[in-house]
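Numbering (the numbering used here), first residue to last: 4 to 121.
Note that the Cβ used here is the ideal one computed from N, Cα and C, for glycine as well.
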Amino acid sequence: MQDDDRACKFFKWLDTSICCTSGAATTPIVIAKFNRLEHVMEVANEELKQAHALAATALERERVTKRKDDRTKAARTISKKKAKKLTIAVVVLGVMFIVLLILSTRLGEVKIRKMCLP
4 MQDDDRACKF FKWLDTSICC TSGAATTPIV IAKFNRLEHV MEVANEELKQ
54 AHALAATALE RERVTKRKDD RTKAARTISK KKAKKLTIAV VVLGVMFIVL
104 LILSTRLGEV KIRKMCLP
């Protein structure tokens, strides 16, 4: 029984009177093909791992850029609000200055007239 097992490494025969000659001839071919397929599978798994790593880094970059974009949008909104407030303040200040100038000249003329009259 041990001789049959050594002669035929692909099958284990229960009937020891049958000898497997075709199994002994095809076993190296099958093993070589299996090894090739195993190698292809390892290469594919490695490529898959690399693809997952690249996808993870791309997602992280996307998250970082989205955070930066959100921050810049918030800063832009705050800047626009501040600019609007400052514009309103400048306009109000200008109007107040003009009103003060007009009032001071009018009041100045009134005082001068009163002072000139006997």
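One Cα belongs to Glu45, the other to Lys36, and the distance between them is close to 14 Å. Distance between Lys85 and Leu106, taken at the CA atoms: about 31 Å.
Non-local C-beta neighbours of Arg66 in its own chain, meaning closer than 6 Å and more than five positions away in sequence, are absent. Pairing His55 with Leu62, the inter-Cα distance amounts to about 10 Å.
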